[in-house]
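The structure under discussion appears below in the form of structure tokens.
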Amino acid sequence: MVLGLYFSILQGLEYFEARFTFADRVYGSTFFIATGFHGLHVIVGTLFLMVILMRHIKKEFRSAHHFGFEAAAWY
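Every position in the sequence shown, counted from 1, becomes a number in this note's numbering once 243 is added.
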């Protein structure tokens, strides 16, 4: 979770400090699309991990009731 949050913060700083925009030909659009989709993937994965951790702390998982954990692990 810490690495996911760290990556998201660094990605936000990189977007903020970029000297090019989405409209700057192929490089700008490729950069923002590729890193944007990867950033979205990291954010969703981090949220999954946070939810799973909270559910684990609350002892909500049982041997026959753990689909949420499996779904997050497969993501």
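Yeah, the Cβ is synthetic: ideal placement off N, Cα and C, and Gly gets one too.
| Query | Result |
| --- | --- |
| Which runs of the beta strand (DSSP E) spanning at least 3 residues fall entirely within the region 285 to 313, listed in chain order? | none |
| Determine the extent of the alpha helix (DSSP H) in which residue 250 is found, giving its start and end residues. | 245 to 260 |
| Please go through the same chain and pick out, in chain order, the residues whose beta-carbon is closer than 7 Å to the beta-carbon of residue 290, but skip the five residues on each side of it. | none |
| Residues in its own chain within less than 7 Å of residue 293 by CB, not counting five upstream and five downstream? | 244 |
| If distances are taken between C-alpha atoms only, which option among 295, 282, 305, 273 comes closest to residue 317? | 295 |
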